[in-house]
Amino acid sequence: MKLLANVRRLLKHQPMMERLMTTTTSQAHDTTTTTRGSVGKAALTSEQLNELEHNIELRHHRNNVPLIRQLIEKLQEGANNVELLSQLEDELQQLPNATNPRLLSYNNEPRELANYKHRTLPEQGAKEFSELARALNLFRMDHLGNFTGHKSYYLTGQLAMLEQAIIQYALQTLRSQGFKLMSVPDILPREVIEACGMRTEGERTQVYKLDTGSCLSGTSEMALAGYFANQVLEEQQLPLKGAAVSRCYRAETSGLQEEKGIYRVHQFTKVEMFSITTPEQSEATLEQFKDTEIALFKRLGINFRLLDMPPCELGAPAYQKYDIEAWMPGRQMWGEISSCSNCTDYQAKRLNVKYKRASDGRVLHAHTLNGTATAIPRLLIALIESYQSVGSAGNASIAIPEVLVPFMNGQRTITRNKRIPETKLVKFIKSTTS
Amino acid sequence: MLGLRRLAKTCLSSNKRHISALYITGDKANENYVTLQPYLDFAGTFRDRPALEQGIASRGLGIELEKVLAKFAKYQTHHEQLQRLDEEREAISKELKTLSKSGAAAEQLESLRERGKALRNDVKALKQQLYPIEDDFIHDFLHLPNALHPHCPAAKQQKLIYRHGLPTSKPHFISHLEHKDLVHFIDNQRYYLMEQAAHFDVNAMQALASYLVSKGDFVQTSNPDFVRCVLLEANATPMGDYHQVKEEHLQNKLNVAYLTGGGAFESFLGAMTKLCIYPSVLPLRYVACGRSYNREEGLIYGPDSSLYTVTQTNAVQSFVATLTAEEADAQMEQLLNLAINFYKALDVPFQLVYAPADSLTPAESLRASLEVYAPSLKRYVCVGRISNYGDFVSKRILFSSRREKHYDFLHLIGGPVLYTTRLLAALIELGIDLDKCKLLGRPNPQPMTQLEQDLQEFKDLFK
Numbered sequence: 000m001k002l003l004a005n006v007r008r009l010l011k012h013q014p015m016m017e018r019l020m021t022t023t024t025s026q027a028h029d030t031t032t033t034t035r036g037s038v039g040k041a042a043l044t045s046e047q048l049n050e051l052e053h054n055i056e057l058r059h060h061r062n063n064v065p066l067i068r069q070l071i072e073k074l075q076e077g078a079n080n081v082e083l084l085s086q087l088e089d090e091l092q093q094l095p096n097a098t099n100p101r102l103l104s105y106n107n108e109p110r111e112l113a114n115y116k117h118r119t120l121p122e123q124g125a126k127e128f129s130e131l132a133r134a135l136n137l138f139r140m141d142h143l144g145n146f147t148g149h150k151s152y153y154l155t156g157q158l159a160m161l162e163q164a165i166i167q168y169a170l171q172t173l174r175s176q177g178f179k180l181m182s183v184p185d186i187l188p189r190e191v192i193e194a195c196g197m198r199t200e201g202e203r204t205q206v207y208k209l210d211t212g213s214c215l216s217g218t219s220e221m222a223l224a225g226y227f228a229n230q231v232l233e234e235q236q237l238p239l240k241g242a243a244v245s246r247c248y249r250a251e252t253s254g255l256q257e258e259k260g261i262y263r264v265h266q267f268t269k270v271e272m273f274s275i276t277t278p279e280q281s282e283a284t285l286e287q288f289k290d291t292e293i294a295l296f297k298r299l300g301i302n303f304r305l306l307d308m309p310p311c312e313l314g315a316p317a318y319q320k321y322d323i324e325a326w327m328p329g330r331q332m333w334g335e336i337s338s339c340s341n342c343t344d345y346q347a348k349r350l351n352v353k354y355k356r357a358s359d360g361r362v363l364h365a366h367t368l369n370g371t372a373t374a375i376p377r378l379l380i381a382l383i384e385s386y387q388s389v390g391s392a393g394n395a396s397i398a399i400p401e402v403l404v405p406f407m408n409g410q411r412t413i414t415r416n417k418r419i420p421e422t423k424l425v426k427f428i429k430s431t432t433s
Numbered sequence: 000m001l002g003l004r005r006l007a008k009t010c011l012s013s014n015k016r017h018i019s020a021l022y023i024t025g026d027k028a029n030e031n032y033v034t035l036q037p038y039l040d041f042a043g044t045f046r047d048r049p050a051l052e053q054g055i056a057s058r059g060l061g062i063e064l065e066k067v068l069a070k071f072a073k074y075q076t077h078h079e080q081l082q083r084l085d086e087e088r089e090a091i092s093k094e095l096k097t098l099s100k101s102g103a104a105a106e107q108l109e110s111l112r113e114r115g116k117a118l119r120n121d122v123k124a125l126k127q128q129l130y131p132i133e134d135d136f137i138h139d140f141l142h143l144p145n146a147l148h149p150h151c152p153a154a155k156q157q158k159l160i161y162r163h164g165l166p167t168s169k170p171h172f173i174s175h176l177e178h179k180d181l182v183h184f185i186d187n188q189r190y191y192l193m194e195q196a197a198h199f200d201v202n203a204m205q206a207l208a209s210y211l212v213s214k215g216d217f218v219q220t221s222n223p224d225f226v227r228c229v230l231l232e233a234n235a236t237p238m239g240d241y242h243q244v245k246e247e248h249l250q251n252k253l254n255v256a257y258l259t260g261g262g263a264f265e266s267f268l269g270a271m272t273k274l275c276i277y278p279s280v281l282p283l284r285y286v287a288c289g290r291s292y293n294r295e296e297g298l299i300y301g302p303d304s305s306l307y308t309v310t311q312t313n314a315v316q317s318f319v320a321t322l323t324a325e326e327a328d329a330q331m332e333q334l335l336n337l338a339i340n341f342y343k344a345l346d347v348p349f350q351l352v353y354a355p356a357d358s359l360t361p362a363e364s365l366r367a368s369l370e371v372y373a374p375s376l377k378r379y380v381c382v383g384r385i386s387n388y389g390d391f392v393s394k395r396i397l398f399s400s401r402r403e404k405h406y407d408f409l410h411l412i413g414g415p416v417l418y419t420t421r422l423l424a425a426l427i428e429l430g431i432d433l434d435k436c437k438l439l440g441r442p443n444p445q446p447m448t449q450l451e452q453d454l455q456e457f458k459d460l461f462k
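Following this line, the structure appears as structure tokens:
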């Protein structure tokens, strides 16, 4: 009890900590208590500390609650130690969001909510993306490491056109649903990226750093979060629905056979959805995001399934997350092509995104959500593998989904491109000295 | 200001690094993996010395050709000596073979063997002597510029090729930065575009690429965003133009990565390096949509930061390869005509000029700059540029076409035909309605009506 009394004292002087702690307990997501305005007065009880630890275990997150306890004990011994306080704040920053109680019974397994089958796909014999794209002369990924970097790739001809067609198709759909498009920066200060729940230091960081100390964005969600940081929006503006087309940079690598080719790459283009809502709107908005994604992929005619993700798959910021996995017949596996998350007030508190409640004028933390409309490489895999066919002469071709035809200058089929040179490399051409 | 920047840039490029990623001599090859051995055309480079000298002067490069030539002479002498020793060694080894077959006297054989050993040691010693000479000369050689194209104007003189419309002398205009509903500007690295500006950013890029594909018979590509040092050196790109990317576990410390963006010319070079193609695919015409992150190029529109000075932009990048210089000229003209059509359709004051020699990179022999009038700067700003590289870059990256046993290095034309951000800033200031402006190449699929959408959703229910 002595420990908790001290935490209370600490929290009294550290509003930042209070904010961070309340997000990670279920109380923060109880909109009834929020509306009663009890968040500001939340007191930390032993049950809440236990709850934090239980949540961390559920989410397979690094358990730093013992460290938090230790820090508090130390602070108790030498009060007002600035360094310890900052360390405590840092640890509190890393606590994951609370978890939607619906997911507690999932036992670490995603729950399949729906399965959409649009095409009859062969159980075997379908070719894998890289093999098909190479045979059609539309893709290159070999012998590039020394020139354009590890796992870099070129898309050529109709495959490059298909990338732009997918972007246009996604934007047209999002625009018709009231999403407002924004162009966003890809180079961001470290602080913005960390506020989104990504670590920029350490051996396994996924974040690329530049010579200036700035970082490359891993997803446009980071730039958008930076844009809305420290803003107070009017409730009437919410839910605010935005979209962005951006280049995503990820330092992660994978040696897994099932992630070969362009399945996991360092650079790719993505059309992203995001939203800022009131706490009352966020759950319904997540459902809208999910429905938008389903509609996008249905019209593309691929086979996919909708998964409700268990606590251990949520990452740090999400309270709840849906994934969409497409069947990739060449790989004979389900591959994640899209997801959407409700981050509740986790990012909003770290970035200070607020709104003014219309009823009483109180300024409260907003909720944030994000979702993938289309991420190019994996969607290309799903499309190319699903729409492949072999002609009578044994030559492969790919049918273009109907909804993309208007964005492909009316073309309906992807065939081998003979105008693109094959990759024949020389090692050396002797120079003359005279 | 401009002069200072140019001086700094020249100093930066003439400030040689001790080791180049493009040319690594044998003594350093143990620690540094040789990724590419450029083709060094000494004869071609030195054939017309007065022109080379004139080119160096016009470009304002601080290179003393006499000194480079003296180093070349020294390099050649040593190289010839080495060649002679090698030939002698070979002759002795042949002789040894013949004599030992015909059963010659042991004494004679032994003396030849000794001579062979001595020669081997001489070769080794000479090679050690040659490394620093080679290092010194080759790095100077790699800094020599491309020959200037006859159309390239002299220093400080740009040549007007085409002009459309004229800037009005309207005294009042609103800077694009004042349009807070469209632009949220933070600094040269960070800005946000909203609503019509964001749509224009994507649509203009896609439209122009599509226009070049349909009207110019270009093949579209999507390129990587990182380019390693060896290719920037091959393209004579000043290293300060792009951000260096920090990479963990980098095997080759010399060959670091730079963030160019897939819409940069250098990004095409990765796919062309060491590539040998059949003449039947020529001329090769590529166009790519992508980002460009050149942090130096826009600074001439400073000192105040704006969308004209930013690092990041969407770009449409072109790349054309031909067998001959004449074909390259023709392709450049064709590409410029297409670009003119695109900008003419926007109906804004724009001009096409050949840039002066002193603004070219050493790899460019001619640069055509597409410029739109920017009212806030009261000057034309470059929204695209197309350059002729001759076979200068191809030789360095070994991009060739083979005829029997002979390699023809390809002539390159290329550059960004469009930087969306700068064009957008100018259009906003010129009062153009971004939603309505005519973009050649833009597909116009009708958005679904409410009825069609409802019908689609109904159909989806049964899927």
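For the protein sequence lines, the chains are A and B, in the order given.
Residue 425 in numbering that gives the first Met the number 0 is what sits at position 426 of the first sequence, and the numbering runs on without skipping anything.
Residue 368 in numbering that gives the first Met the number 0 is what sits at position 369 of the second sequence, and the numbering runs on without skipping anything.
C-beta atoms are modelled at their ideal positions from N, C-alpha and C, and glycine is treated no differently.
Since the model is a prediction, treat every value here as computed from it, not as a measurement.
(request) Take F296 of chain A and list the residues in its own chain whose beta-carbon comes closer than 8 Å to its own, dropping the five residues that flank it on each side. (result) Y115, F303, I323, A325, I336 and S337
(request) Measure the CB-CB distance between N229 of chain A and N351 of chain A and report whether it falls below 8 Å. (result) yes
(request) Could you spell out the range, first to last residue, of the beta strand (DSSP E) harbouring L417 of chain B? (result) H410 to Y418
(request) Find out if the Cβ-Cβ distance for the pair A246 of chain B, S19 of chain B is shorter than 8 Å. (result) In the sequence under discussion, the amino acid at residue 246 of chain B is Glu, which differs from the Ala named in the question. Contact: no.
(request) Check the Cβ of K348 of chain A against every Cβ in chain B and list those closer than 8 Å, keeping chain order. (result) Under the 8 Å cutoff, chain B gives no residues; its nearest Cβ is about 22 Å from K348 of chain A.
(request) Tell me whether the beta-carbon of T276 of chain A lies closer than 8 Å to the beta-carbon of H364 of chain A. (result) no
(message) In the DSSP output, what is D407 of chain B paired with across the bridge?
(response) B:S400
(message) Using 8 Å as the threshold, is the C-beta distance between E90 of chain A and I67 of chain A below it?
(response) yes
(request) Could you tell me whether any Cβ in chain A is nearer than 8 Å to the Cβ of E194 of chain B? (result) yes
(request) Have a look at R287 of chain A and T360 of chain B and give me their C-alpha separation to the nearest angstrom. (result) Per the sequence presented here, residue 287 of chain A reads as Gln, with Arg not at that position. Rounded to the nearest angstrom, the two C-alpha atoms are 51 Å apart.
(request) Output yes or no for whether 8 Å exceeds the beta carbon distance between A134 of chain A and M407 of chain A. (result) no
(message) Distance check for K355 of chain A and R361 of chain A, CA to CA, integer angstroms please.
(response) 6 Å
(request) Could you pull out every residue in the same chain whose Cβ sits closer than 6 Å to the Cβ of H163 of chain B, ignoring the five residues on either side in sequence? (result) K343 and F349
(message) If you reduce the DSSP assignment to three classes, tell me which class L369 of chain B lands in.
(response) strand
(request) Please classify Y190 of chain B: is it buried, with 16 or more other beta-carbons within 10 angstroms of its beta-carbon, or exposed? (result) buried
(request) Determine the contact status of S216 of chain A and C247 of chain A, defining contact as a CB-CB distance below 8 Å. (result) yes
(message) Tell me which residues share the same chain as L103 of chain A and place their Cβ nearer than 8 Å to its Cβ, disregarding the 5 neighbours each side in the sequence.
(response) L57 and P310
(request) Look at the alpha carbon of L335 of chain B and the alpha carbon of P184 of chain A, and state the distance between them as a whole number of angstroms. (result) 30 Å
(request) Could I get the ranges of all uninterrupted beta strand (DSSP E) runs contained in the region 289-341 of chain B, with 3 residues as the minimum, in chain order? (result) 311-321
(message) Our contact map puts Q156 of chain B next to P415 of chain B with C-beta atoms below 8 Å; I'd like the distance itself, whole angstroms only.
(response) Not a contact, Cβ separation roughly 23 Å.
(message) Strictly under 8 Å for the Cβ-Cβ distance: is E162 of chain A near chain B by that measure?
(response) yes
(request) Check Y354 of chain A in the structure and name its three-state DSSP category. (result) strand
(message) Can you tell me where the beta strand (DSSP E) holding D434 of chain B begins and where it ends?
(response) First-last for D434 of chain B: undefined, no H or E at that position.
(message) At the level of alpha carbons, what is the spacing between P374 of chain B and E428 of chain B?
(response) 6 Å
(message) Less than 8 Å between the beta carbons of Y285 of chain B and F267 of chain B, yes or no?
(response) yes
(request) Spell out the partners DSSP gives Q435 of chain A in its beta bridges. (result) Because chain A spans 0 through 433 in this model, residue 435 of chain A falls outside it and cannot be assessed.
(request) Measuring only between beta-carbons, confirm whether H28 of chain A sits less than 8 Å from chain B. (result) Reliability of the predicted coordinates at H28 of chain A is poor, the pLDDT of 45 falling under 50, and no value is obtained from them.
(message) I need the DSSP call for E127 of chain A, collapsed to helix, strand or coil.
(response) coil
(request) Compile a chain-ordered list of the residues in the region 34-61 of chain B whose CB is closer than 9 Å to at least one CB of chain A. (result) T34, L35, Q36, P37, Y38, L39, D40, F41 and A42
(request) Verify the CB distance criterion: does D322 of chain A have a CB-CB separation below 8 Å to chain B? (result) no
(message) How far does the beta strand (DSSP E) with C311 of chain A in it extend, from its first residue to its last?
(response) Segment: none, C311 of chain A is in no beta strand (DSSP E) and carries neither H nor E.
(message) With a threshold of 8 Å between beta carbons, is T422 of chain A in contact with chain B?
(response) yes
(request) Alpha carbon to alpha carbon, how far is I55 of chain B from G390 of chain A? Give it in angstroms, no decimals. (result) 58 Å
(message) Rounding to the nearest angstrom, what Cα-Cα distance links F138 of chain A and P278 of chain A in this structure?
(response) 45 Å
(request) Check the Cβ-Cβ distances between S37 of chain A and every residue of chain B, and say whether any is below 8 Å. (result) Here S37 of chain A scores only 35 on pLDDT, less than 50, and its place in the model should not be relied on; the value that follows carries that caveat. For S37 of chain A, the answer is no, since every Cβ of chain B falls outside 8 Å of its Cβ.
(message) Taking 8 Å as the limit between beta carbons, can you name the residues of its chain near P109 of chain A, skipping five residues before and five after?
(response) L306, D307, M308, P309, E312 and D322
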